[in-house]
Amino acid sequence: MSFILCMTVLGVLLMLLALTSSYLRWLPVTTSAVCLAFGIAIGPLGLGLMKLDIGSAYEWLERLTEVAVLFSLFNTGIKLRLPFNGKAWRAAYLLAGPVMLLTILGTCLAAHYLLGISWGISLLLGAMLSPTDPVLAGLVQVNNAQDLDRVRFGLSGEAGMNDGTAFPFVIFALAFLGTHDGNFDWVQGWFLKNIVWGVPVGLLLGYGLGRGVGHLMIYLRIKNADSTSSPNDFLALALIAVAYVVAQGLGAFGFLSVFAAGLGLRQAEAQTTQSEVPAEHVAKPMLGHMNSAPEKATGAPSEDLSDTQLAAGVMMGDILAFGSLVERSMEVLLITLLGAAISVYWDWRAIGLGLALFCVIRPVSVWLLVSRSLLNVPQKALVSWFGIRGIGTLYYLCYALAHGLPQNGVQTTIGLTLSVVALSILLHGVSIQPLLERYERSRVNNTDD
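Shown next as structure tokens:
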């Protein structure tokens, strides 16, 4: 499959989505489900215009999925403005840590005992399918930096962290299969390097970079009276690249570093503006009426908007818009490619494994490990169901293929992984909007009462 064909598919699909957006918004399906159906339609089962061989295309797919996850993690980080001691953060920590570990164990056991798959491949499947996805979970993530709903915030924090915290266990599974290193030392070679060093260093490094760069950029823009014209998309690209490269160079996890960089940038904005309202919410209406009557748009004189709020608001607003654009474009392309590949790699056993993961393993893990003081019963039910699998899992699949997955396990691993992700897109895609609408109505009714 050529690069030109990929760009043609992306362009056509983006045009179709743009032209039909007013119709699609009324349908109980997500954009991802539409893209998956489009991919199936142009794949071998449909028009036969595209056929994707994962076994030979995993090298460039690994880079493509890697970039998609990086932008999504950064974009997720800059949406999370709540102080770290909030209860919503505690729910996110539990979901990204203990719940993920129990999910890995449960999926491994299900793959081995239900499907008869070897322990090594079962463990790898558990690690790859354990993280929830920051790319496809846009509807269940926080809408903006003022959205402090515990369901949305917890799922956003989980998706931001567990794409990085799952990485050590993918490496562990590959080592278990004897493919990652020749002579593997379980303590120094894996635990100390990946858990003790890789995870905390990645988080601390990215957070420090994001927060430091955020303070520096706001200071420079105020000092140079350049609050509105600086290229903020360059800042986002630079911060993603630096956080990722430096973390990888130090042997830490770049995914965690990039997520933490976005988080640190947001915390720099919050500390600098000293406001409960995100700066971009204050700056946007003024900028929209810069040449007319800003007090008419904001309800207050323009002088009430400080230079700090204006600089921080423009910076955060531009970065969010740029990140969202790249994130959605990558989602459209990758899910379409998944649809084109699924007809070749579909594995019927994935129905049993997927239903066990979505309906048993994930819910049991959440109900056992997240207390009612953090999430009430309806919230825990939603969090239990909205464990969407997607682009992060596809990246780990390509990573495993690139690091010498045994040939006798390649077809099983590709088939089950792609099939479970496709199943997740369909099942969660159909159920997200109705369940969220019901949840939002119940929140409004409880508030009114």
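Count along the sequence shown from 1, then add 112; that gives the number in our numbering. Using N, Cα and C, we set each Cβ at its ideal position, and we do this for glycine too. This one's a predicted model, so the numbers in the text were calculated from it and none came from an experiment.
Just mark G160 as buried or exposed, buried being the case when its beta carbon has 16 or more other beta carbons within 10 Å. exposed
Flag this pair as touching only if the stretch 280-290 and the stretch 223-235 have three or more C-beta atom pairs under 8 Å; answer yes or no. yes
Okay, do the stretch 503-521 and the stretch 452-472 touch, 3+ Cβ pairs below 8 Å being the bar? no
Quick check on the DSSP output: the alpha helix (DSSP H) that includes M428 runs from which residue to which? 419-457
Is it a yes or a no for the stretch 501-508 touching the stretch 524-535, going by three-plus beta-carbon pairs under 8 Å? As far as the Cβ criterion goes, the stretch 501-508 touches the stretch 524-535, which means the pair count is three or higher.
Check each candidate in S133, S168, L226, M273 and name the one with the smallest Cα separation from V181. M273
Please state if the CB of L351 and the CB of A372 are separated by a distance shorter than 7 Å. Taking 7 Å as the Cβ cut-off, A372 and L351 do not qualify as a contacting pair.
Is the stretch 483-497 close to the stretch 257-268, with three or more CB pairs under 8 Å? Yes, the stretch 483-497 touches the stretch 257-268.
From which residue to which residue does the alpha helix (DSSP H) around P475 run? 474-481
Is it the case that the stretch 310-324 contacts the stretch 344-360, given that we only count it when at least three CB pairs across the two stretches are under 8 Å? yes
Run of the alpha helix (DSSP H) containing I283, from where it starts to where it stops: 279-288
Output the distance between the C-alpha atoms of P397 and I431, rounded to the nearest integer angstrom. Note that P397 has pLDDT 48, beneath the 50 cutoff, so the model's placement of it is unreliable and no number is given.
Which value, in whole angstroms, describes the spacing of the CA atoms of E381 and Q360? Going by C-alpha positions, E381 is about 26 Å away from Q360.
Quick check on G400: does DSSP put it in helix, strand or coil? With a pLDDT of only 44 at G400, under 50, the local geometry of the prediction cannot be trusted, and the value read off the model is given with reservation. Correct three-state label for G400: helix.
Contact between the stretch 212-219 and the stretch 454-462 (3+ Cβ pairs under 8 Å): no
Under the three-state reduction of DSSP, which class applies to W562: helix, strand or coil? Residue 562 is absent from the model: the chain starts at 113 and stops at 561.
Mapping the DSSP letters down to three states, classify A364 as helix, strand or coil. coil
Using the C-alpha atoms, what's the distance from F279 back to G301? If you draw a straight line from the Cα of G301 to the Cα of F279, it comes to about 14 Å.
Figure out for me which residue from G527, M427, S441, G310 has the closest Cα to the Cα of V456. The shortest C-alpha separation from V456 is found at G527.
Residue range of the alpha helix (DSSP H) that includes P490: 489-497
Range covered by the alpha helix (DSSP H) that runs through L240: Per the sequence shown, residue 240 should be read as Met rather than Leu. First-last of the alpha helix (DSSP H) with M240: 231-241.
Which residue marks the beginning of the alpha helix (DSSP H) containing G158, and which one marks its end? Where G158 is concerned, there is no enclosing alpha helix (DSSP H), given that its DSSP letter is neither H nor E.
Is W172 helix, strand or coil when you go by DSSP? Of the three classes helix, strand and coil, the one that applies to W172 here is helix, per DSSP.
Taking only heavy atoms of the ligand MG into account, decide whether any of them is closer than 6 Å to the Cβ of L207. With respect to the ligand MG, the structure shown offers nothing to examine, as it has no ligands at all.
Run of the alpha helix (DSSP H) containing L467, from where it starts to where it stops: 461-468
I need the straight-line Cα distance from A433 to T143, nearest angstrom please. 18 Å
State the DSSP-derived secondary structure class of C118, mapped to helix, strand or coil. helix
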